[in-house]
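Enquirer: Submitted below is the structure of interest, expressed as structure tokens.
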Ligand code: HEC
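In this note's numbering, the protein residues as written are 217 to 323.
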């Protein structure tokens with residue numbers, strides 16, 4: 217339904233994921249994204265996703281990369297697993313330095 221809209225507009229229209237959902241997103245990123253981007257997100261097959269590495273990237277274009285993937289590269293689309301709001305939350309969290317699983321599971 218939202219296909220073709222810019223990611224920024226989608227993000228504003230989407231509510232932030234609930235704290236429970238945020239916890240499972242941290243797990244997804246650490247495990248599924250970590251298989252390519254490194255368990256510490258410092259890079260592997262995919263580029264590093266650390267705060268330093270992403271400093272000059274806009275959150276909405278990163279969210280679009282996560283949601284739609286990058287055709288012609290190994291970066292897959294995550295739209296079957298993640299909502300646009302999830303992708304935007306992950307992008308923003310990566311830009312701030314991604315939380316450790318333990319920090320969210322044992323507050
Ligand atoms: C199968 C391997 C693979 C998996 C799994 C994967 N990625 Fe990627 N990702 C890549 C590659 C390769 C690139 C670089 C694409 C390119 O060359 O432009 C990339 C690029 C990116 C970028 C853009 C980085 C930049 O510097 O612009 C982001 C953001 C990103 N991935 C986030 C994620 C997230 C979040 C997940 C998990 C939901 C994920 N990726 C899972 C391989 C992967």
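Glycine included, every Cβ here is placed at the ideal spot set by N, Cα and C.
Closest to residue 262 by C-alpha separation, out of 313, 256, 252, would be which residue?
Expert: Numbered from 1 along the chain shown, position 46 holds the residue referred to as residue 262. That would be 252, whose Cα lies nearest to the Cα of residue 262.
Enquirer: For residue 329, which residues in the same chain have their Cβ closer than 7 Å to its Cβ, ignoring the five residues on either side in sequence?
Expert: As shown, the chain starts at 217 and ends at 323. That puts residue 329 outside it, with no answer to give.
Enquirer: Looking at the secondary structure, which residues open and close the alpha helix (DSSP H) in which residue 292 lies?
Expert: For the purposes of this step, residue 292 is taken as residue 76 along the chain shown, with counting starting at 1. Per DSSP, residue 292 belongs to no alpha helix (DSSP H) and is neither H nor E.
Enquirer: Give the DSSP-derived three-state secondary structure of residue 318 in the structure shown.
Expert: Residue 318 sits at position 102 when you count from the first residue of the chain shown. Helix at residue 318.
Enquirer: Measuring CA to CA, which of 305, 313, 281, 246 is closest to residue 234?
Expert: Along the chain shown, read from residue 1 onward, the residue named residue 234 stands at position 18. Nearest of 305, 313, 281, 246 to residue 234, Cα basis: 305.
Enquirer: Give the C-beta separation of residue 314 and residue 244 to the nearest angstrom, bearing in mind that I take them to be a contact with Cβ-Cβ under 8 Å.
Expert: Taking the first residue of the chain shown as position 1, residue 314 is located at position 98. Taking the first residue of the chain shown as position 1, residue 244 is located at position 28. Not a contact, Cβ separation roughly 11 Å.
Enquirer: Where does the unbroken alpha helix (DSSP H) through residue 252 begin, and where does it stop?
Expert: For the purposes of this step, residue 252 is identified with residue 36 of the chain shown, where counting begins at 1. Unbroken alpha helix (DSSP H) run through residue 252: 250 to 253.
Enquirer: Please indicate yes or no: does the CB of residue 291 lie closer than 8 Å to some heavy atom of the ligand HEC?
Expert: Your numbering for residue 291 matches position 75 in the chain shown. Under cutoff, so the answer is yes.
Enquirer: Quick test of your reading: residue 298 and residue 282, contact by CB under 8 Å. State the CB separation rounded to the nearest angstrom.
Expert: Position 82 of the chain shown holds residue 298. Position 66 of the chain shown holds residue 282. Contact flag correct, Cβ pair sits at about 7 Å.
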